[in-house]
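Presented below is the structure to which this report refers.
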Amino acid sequence: MMIMAYTMLIPKDDNYIVGKARIEEVNASFKDLGAVCDNIRYKKVEQALELLEKAAKGELPIRYRKHNKKLAHRRELQGQKGRYPRKAAAIVLAVLRNAVANATQQGANEFDLVVKHACANKKRTYYRVQPKGRRGRHDYELARVELVVMQRRPEEKKKEAKPKPTKTAKPTKEEAKPTKAEEKKKVEPEETTKAVEQPKKSKEKAVEEKKAERKEAKAKPAKKEATNGQGDS
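For our numbering, add 19 to where a residue sits in the sequence shown, where the first one is 1.
Here's what the structure looks like:
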């Protein structure tokens, strides 16, 4: 059995998540399969799955855009031509589920996937023996289906880099000992503070001495007056 490649050029960059699936040599009409693929192409996977499930049960008709000669008009399709290809819808539904599973395995979200490519082609035809007593014969025709679902890869949010706490290195024995220059710097401020304190103390002493002299000067006249009074008596 010869296996064909996908008819769609699948992007190989990392901007998209791609899920693909196909089935070969399936016993179904390629016209019905093509009509089903036309109805799900470029739709979201969620909508396509819902449509195919209803079509496989015979609850919803499928619109035929081609190969629709002498087809009936359907009220569900707003007057468009269509029919109920239940077998073809079930086959396409199985292929679509496989494609979605392949995409979700790569990290895609099922609700964000879109059916980007869907097609069906005719394959081999095996001739059968013509039945006796009938006008024509029915050959064994095979077909293939391929589906591709895609999603744009979400951008990864860059985490804000937290500043790492810097470890303070422990000082070595040599660094712990102060040098002579550092000792001088430590001594100099003490000497300047002493020099500032000494003038303040000297000023305070001078003020106290002046006060004491004034008191003595006031006390001497009082003593003289007292001695003069005793001499007069």
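Note that the Cβ used here is the ideal one computed from N, Cα and C, for glycine as well. Predicted, not measured: the structure shown is a model, and the values here were computed from it.
Item: Along the beta strand (DSSP E) that carries N34, what are the first and last residues, could you check?; Value: First-last for N34: undefined, no H or E at that position.
Item: Assuming G53 contacts A108 under a Cβ cut-off of 8 Å, what Cβ separation, rounded to an integer in Å, is found between them?; Value: Actually they are not in contact, since the Cβ atoms of G53 and A108 sit about 12 Å apart, beyond 8 Å.
Item: For K76 and L28, I'd like the C-alpha separation in whole angstroms.; Value: 33 Å
Item: For N117 and K142, what's the separation of their Cα atoms in angstroms?; Value: 21 Å
Item: If you draw a straight line from the alpha carbon of K82 to that of E129, how long is it in whole angstroms?; Value: It is Arg, not Lys, that sits at residue 82 in the sequence shown. Approximately 25 Å between the Cα atoms of the pair.
Item: With a threshold of 16 other CB atoms inside 10 Å of the CB of E175, please say whether the residue is buried or exposed.; Value: exposed
Item: Counting along the chain, where does the beta strand (DSSP E) carrying L115 start and finish?; Value: Here L115 belongs to no beta strand (DSSP E); instead the alpha helix (DSSP H) covers 105 to 124.
Item: Drop a sphere of 10 angstroms on the beta-carbon of D51, count the other beta-carbons inside from all chains shown, and report buried for 16 or more, exposed for fewer.; Value: buried
Item: Determine the direct distance from the alpha carbon of N46 to that of C56, and round the result to whole angstroms.; Value: 16 Å
Item: Tell me which residue opens and which closes the alpha helix (DSSP H) that Q66 is part of.; Value: 64 to 76
Item: Could you pull the DSSP bridge partners for R163 from this structure?; Value: N140
Item: What do you get for N1, buried or exposed, if any count of 16 or more other CB atoms within 10 angstroms of its CB means buried?; Value: Because the chain spans 20 through 252 in this model, residue 1 falls outside it and cannot be assessed.
Item: Take S252 and list the residues in its own chain whose beta-carbon comes closer than 7 Å to its own, dropping the five residues that flank it on each side.; Value: At S252, the pLDDT of 45 sits below 50, so the modelled position is not reliable; the number obtained from the coordinates is stated separately. Closer than 7 Å at Cβ, skipping near neighbours: no residue.
Item: By the three-class DSSP mapping on this structure, what secondary structure does A231 have?; Value: helix
Item: Which residues share a DSSP beta bridge with I81?; Value: R102
Item: List the residues that DSSP assigns as beta-bridge partners of R171.; Value: Y35
Item: Rounded to the nearest angstrom, what separates K222 and K229 at their Cα positions?; Value: 11 Å
Item: DSSP on S252, reduced to helix/strand/coil?; Value: At S252 the pLDDT is 45, less than 50, meaning the model places this residue with poor confidence; the figure from the coordinates comes in the next sentence. DSSP places S252 in coil when its eight states are reduced to three.
Item: In chain order, what residues of the same chain lie with their CB nearer than 8 Å to the CB of L96, ignoring the 5 residues before and after it?; Value: P80, R82
Item: According to DSSP, is V226 helix, strand or coil?; Value: helix
Item: Could you say which of A127, K73, N121, V119 lies nearest to P104 if we only look at CA atoms?; Value: K73
Item: Among V168, V148, V167, which residue has its Cα nearest to the Cα of Y159?; Value: V148
Item: How is the alpha helix (DSSP H) around K50 delimited, first residue to last?; Value: 49 to 59
Item: I'd like to check one pair, A122 with L132: are the Cβ atoms closer than 8 Å?; Value: yes
Item: If you compare alpha carbons, which of R84, K106, H157 is closest to Q99?; Value: R84
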